[in-house]
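Residue numbers (our numbering): 25 to 426. Don't be surprised by glycine CBs; every beta carbon is placed ideally from N, CA and C. The next block holds one structure in the form of structure tokens; read it before the comments.
Okay, structure coming up:
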């Protein structure tokens, strides 16, 4: 039986708890043809999911309803703008990162598959569309990390190096491809120095971190995998911030500083600090009881669930898999959280679990997130430069009339 003849909810093998409807039903609810529905899928406006029948694709009923509402708003720009700013409709074209069917892709390649073998430098060269040797082949600039928070340390460490790391090598007017590539790589290496507290080096960044933290080869591999999986995540708050900064004609250094500021928020990379606090308060014997108390106090559990991954964050799954195999305490925490929330672990929880498992310094979960994501901020900023134009939305004024 084809998708056109089937009726009623579809039981999806991959996501059995998520209500799905057929293509015919989705098209009817949207008031469009099947061909238009497929065009929406190709444009990323809605996702199609596999079913038990390989010939049939299913569609999330909730996502179809949201898209139908967006279509109903039609030409009312105020409502369309509001929807676009909150997990809404796509607003920018990009060739950097795609999230589709619960999978993260970097320029068309599965990020989880890349994380099996690739280094952050190799992923950076792909996302930046630059030669690896041009971006990371030169000697590291003499960056000595400063004290203070990561944002201030990075800004201070790079402002005194105008010939290698400062604004000039990655300024919007920079026309030398080799200097732009070297400047981009130098920014990432400088951030690595600030994360570890060690002078920048020419070693691959995961080895630089591993040496600074005294890790064995297995620990170095875990760091490499985490950095790759953190590299980019489409138009999140910090990535959009980097694009806005680049659209204003600022340097890539400025875009990285802006990305760091956005990432520090408690709803973004700063979520790692909330997970750390939650973990500190778990009982030694029964983590489920402590998690129940938090939920009873109407406090959500940080580190579980992601709107773009209803079946679970694949980045977190990849990072947690080897840790869960070795750590029964972690298995108990994850199992309790999943049972109580009905959601899978997020990247934030996975980074904290990695930090604790390998005995890394407090705060290094956020540091790894920032170091990996700096590659994505640069990629987003470079793409925005190519697109041109200033990102300047308009506000809907709701205050007192003049």
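Residue 372 sits buried, since 16 or more C-beta atoms from the chains shown fall within 10 Å of its C-beta. In the three-state reduction of the DSSP assignment, residue 84 falls in the strand class. Between the segment 189-201 and the segment 275-283, the count of C-beta pairs closer than 8 Å reaches three or more; the two stretches touch. Counting along the chain, residue 123 sits inside the beta strand (DSSP E) bounded by residues 121-124. Per DSSP, the beta bridge partners of residue 128 are 123.
Contact between residue 325 and residue 332 is absent: CB atoms are separated by about 18 Å, not below the 8 Å threshold. Going by DSSP, residue 52 is part of the alpha helix (DSSP H) stretching over 47-54. Counting the other CB atoms within 10 Å of its CB gives residue 173 a total below 16, which places it among the exposed residues. Where residue 403 is concerned, the enclosing alpha helix (DSSP H) starts and stops at 388-411. Here the segment 285-304 does not lie against the segment 207-220, with fewer than 3 beta-carbon pairs under 8 Å apart.
One thing to note: residue 88 has its Cβ no nearer than 9 Å to the Cβ of residue 131. Nearest to residue 409 by C-alpha distance, out of 118, 50, 67, is 118.
For residue 328, the pairing in a beta bridge is given by DSSP as 369.
163 is the residue among 252, 163, 264, 219 whose C-alpha sits nearest the C-alpha of residue 227. Contact between residue 225 and residue 397 is absent: CB atoms are separated by about 21 Å, not below the 8 Å threshold. Each residue's CA atom was taken as its position, placing residue 370 and residue 182 some 32 Å apart. Residue 311: not part of any beta strand (DSSP E); member of the alpha helix (DSSP H) spanning 311-320, first to last residue. Counting C-beta pairs with one atom in each stretch, the segment 386-396 and the segment 241-254 have three or more that are closer than 8 Å, which means they touch. Between the alpha carbons of residue 115 and residue 268 lies a gap of roughly 13 Å.
In this structure, the CA atom of residue 299 is about 43 Å from the CA atom of residue 48.
Annotation: the continuous alpha helix (DSSP H) that includes residue 338 extends over 338-350. In this structure, residue 156 and residue 145 form a Cβ contact; the two beta carbons are roughly 6 Å apart against a cut-off of 8 Å.
Counting along the chain, residue 426 sits inside no alpha helix (DSSP H), nor does DSSP assign it H or E at all. When DSSP states are grouped into helix, strand and coil, residue 57 belongs to the coil group.
Within the DSSP secondary-structure output, residue 73 pairs in a beta bridge with 82. In the three-state reduction of the DSSP assignment, residue 262 falls in the helix class. In the DSSP assignment, residue 281 falls within the alpha helix (DSSP H) that extends over 276-287.
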